[in-house]
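Novice: Counting from 79, one number per residue, gives the positions in the sequence shown under the working numbering. Every residue gets a Cβ at the ideal spot worked out from N, C-alpha and C, and that includes glycine. I'd like to ask you about the structure that follows.
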Amino acid sequence: MTTTQPRTTDRLFEEATKSFEHWELLRELIDESIDLALNYRQSGHPGGSRSKVHMFLALLLSGAMRWDLKRPWRPFMDRLVFSAGHTVPLVYASLAVLNEVLRARHERDAREEFA
């Protein structure tokens, strides 16, 4: 008797559901950062960025994309390209929020892998 492996997407979804609560908090922080940045500049349109926050976080954090923060030069890493300039606030806000998460985690754990 043979058993079938669950499809990769099903497995990724099942693993990701454990983190949805944390992703929602990240989404809120990124949305707020986008709003703060655009309000400070009194320029820009948040729609293009805010509509893509869920997709961006899901791609980055679900394991669907292959990437290595400490070794981005490794072969066969996936690349994500946003061709619309309206998504620049999303990229900057995400970098700011995720950098703060890594900084706080490094301070808390003080492990070399978070340096």
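Determine the DSSP secondary structure at L158, reduced to helix, strand or coil.
Specialist: Coil, per DSSP.
Novice: Comparing alpha-carbon positions, which option in S111, A174, T95 and K148 lies nearest S140?
Specialist: When each option's Cα is compared against that of S140, the closest is T95.
Novice: Write down the C-beta distance between H123 and H164 rounded to the nearest angstrom, noting that I regard them as a contact closer than 8 angstroms.
Specialist: Confirmed, about 6 angstroms.
Novice: With DSSP as the reference, label K96 as helix, strand or coil.
Specialist: The answer is helix: DSSP assigns K96 an H, G or I state.
Novice: Give me, in chain order, the residues of the same chain whose beta-carbon lies closer than 8 angstroms to that of L116; leave out the 5 immediate sequence neighbours on both sides.
Specialist: Excluding residues within five positions, the ones whose Cβ falls inside 8 angstroms are G122, H123, P124 and P167.
Novice: Have a look at F91 and S129 and give me their C-alpha separation to the nearest angstrom.
Specialist: Between F91 and S129, the C-alpha separation is close to 21 angstroms.
Novice: Which one of P150, I108 and E102 has the shortest CA to CA distance from E178?
Specialist: Checking every option, the nearest Cα to that of E178 belongs to I108.
Novice: Taking only the alpha-carbon atoms, compute the straight-line gap between S97 and R105 and give it to the nearest angstrom.
Specialist: Straight-line Cα distance between these residues: approximately 12 angstroms.
Novice: Please go through the same chain and pick out, in chain order, the residues whose beta-carbon is closer than 7 angstroms to the beta-carbon of M155, but skip the five residues on each side of it.
Specialist: Once the five neighbours on either side are set aside, the close Cβ partners of M155 are R144, W145 and D146.
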